[in-house]
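K.L.:
For the sequence shown, the tail end lands on 397 under this note's numbering, and the numbers increase by one without skipping.
For each residue, glycine too, the CB sits at the ideal point set by N, CA and C.
Here the structure is a predicted model, which means the values were calculated and not measured.
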Amino acid sequence: MTSLWLAALLASCSAPETTDRASQKADPAAPRRLSPEAERVYQMTLERDAPPPCSQLARGLKDAPAALLEVAETVTAPPWSAVRAATCLVRHHAASVEPALLRWVHERETMGLGLVTLNHLKHVEPALAARLIAAARSGEYAEAAERRIARVASAATPPGGGVLQK
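Below, the structure written as structure tokens:
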């Protein structure tokens, strides 16, 4: 009996817990399988205390932004996997995933990813950062976004202001 329970537990822990908005509407209990590249990124982000650098996550991937985006938007456990993928996207691939970042900072459903995005605005090209800030300020969680923007701006603003200022 114990070995059957242990086998079931191990089987349930072997695959990432993911969600997919399209399939979630049809069957909320059905997890989505990651693509091979996203699975590789996911496996590399499992370690909680020693995260690999973004360059290591992207090494050898045919489409690093797509794999990182898939992990960020579908993996729900452990939560730091999605956060690390989102951080790498914002810091190194923001222009190529701009529509996703704009959605993240605007929609309440993706508030966690949006706040990660806002945390790393100083790594984004100024024109894109301005668009992200505008989307966040008009979004579904504008008050929380405004607090985050203010905190990031106070920590990162060079003398004379910058794009993060109102």
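Rounded to whole angstroms, what is the Cα-Cα separation between Ala308 and Pro283?
P.N.:
By 1-based counting over the sequence shown, the position of residue 308 is 77. By 1-based counting over the sequence shown, the position of residue 283 is 52. Distance between the alpha carbons of Ala308 and Pro283 is about 18 Å.
K.L.:
Alpha carbon to alpha carbon, what distance is there between Val336 and Ala367?
P.N.:
Against the sequence shown, residue 367 aligns to sequence position 136. Against the sequence shown, residue 336 aligns to sequence position 105. Counting only the Cα atoms, Val336 lies some 5 Å from Ala367.
K.L.:
Who are the Cβ neighbours of His351 in its own chain at under 7 Å, not counting the five residues just before and after it?
P.N.:
The count along the sequence shown starts at 1 and reaches residue 351 at position 120. Here the set comprises Thr318, Val321 and Arg322.
K.L.:
Residues in the same chain with beta-carbon distance under 7 Å from Lys256, minus the five sequence neighbours each way, listed in chain order, please.
P.N.:
Taking the sequence shown and counting its residues from 1, one reaches residue 256 at position 25. Because the pLDDT of Lys256 is 46, which lies under 50, any placement of that residue in the model is unreliable, and the question is left without a value.
K.L.:
Excluding the 5 residues preceding and the 5 following Glu371 in the sequence, name in chain order all residues of the same chain whose CB lies nearer than 7 Å to its CB.
P.N.:
By 1-based counting over the sequence shown, the position of residue 371 is 140. Around Glu371: His337, Glu338 and Arg339.
K.L.:
Straight-line CA distance for Glu301 to Arg290?
P.N.:
The residue you call residue 301 lines up with position 70 of the sequence shown. The residue you call residue 290 lines up with position 59 of the sequence shown. Distance between the alpha carbons of Glu301 and Arg290 is about 16 Å.
K.L.:
Alpha carbon to alpha carbon, how far is Ala326 from Leu359? Give it in angstroms, no decimals.
P.N.:
Against the sequence shown, residue 359 aligns to sequence position 128. Against the sequence shown, residue 326 aligns to sequence position 95. Looking at the two C-alpha atoms, the distance is approximately 7 Å.
K.L.:
How about Ala410 and Glu304: do their beta carbons lie closer than 9 Å?
P.N.:
Past the edges of the chain, shown from 232 to 397, lies residue 410, and the structure says nothing about it.
K.L.:
For the alpha helix (DSSP H) containing Gly291, list its first residue and its last residue.
P.N.:
Position 60 of the sequence shown, counted from the first residue, corresponds to residue 291. First-last for Gly291: undefined, no H or E at that position.
K.L.:
Between Ala281, Arg279 and Leu332, which has its C-alpha nearest Leu299's C-alpha?
P.N.:
Reading the sequence shown from its first residue, position 68 is the one you call residue 299. Nearest option by C-alpha distance: Leu332.
K.L.:
Determine the DSSP secondary structure at Thr276, reduced to helix, strand or coil.
P.N.:
Counting from one through the sequence shown, the residue named residue 276 turns up at place 45. Reduced to three states, the DSSP call for Thr276 is coil.
K.L.:
Taking the C-alpha atoms as reference points, what is the distance between Val383 and Leu344?
P.N.:
What you label residue 383 is simply residue 152 of the sequence shown in a count that begins at 1. What you label residue 344 is simply residue 113 of the sequence shown in a count that begins at 1. If you take the alpha carbons of Val383 and Leu344, they lie about 15 Å apart.
K.L.:
Which value, in whole angstroms, describes the spacing of the CA atoms of Pro330 and His324?
P.N.:
The residue given as residue 330 occupies position 99 in the sequence shown. The residue given as residue 324 occupies position 93 in the sequence shown. Looking at the two C-alpha atoms, the distance is approximately 12 Å.
K.L.:
Using 10 angstroms around the beta-carbon of Leu288, count the other beta-carbons present and answer buried if the total reaches 16, otherwise exposed.
P.N.:
One-based indexing of the sequence shown puts residue 288 at position 57. Buried, since its Cβ has 16 or more Cβ neighbours within 10 Å.
K.L.:
Would you mind stating whether Leu311 and Thr341 have Cβ atoms separated by less than 9 Å?
P.N.:
Along the sequence shown, one-based indexing puts residue 311 at 80. Along the sequence shown, one-based indexing puts residue 341 at 110. Per the sequence shown, residue 311 should be read as Trp rather than Leu. No; because the gap between Cβ atoms is not below 9 Å, this pair is not in contact.
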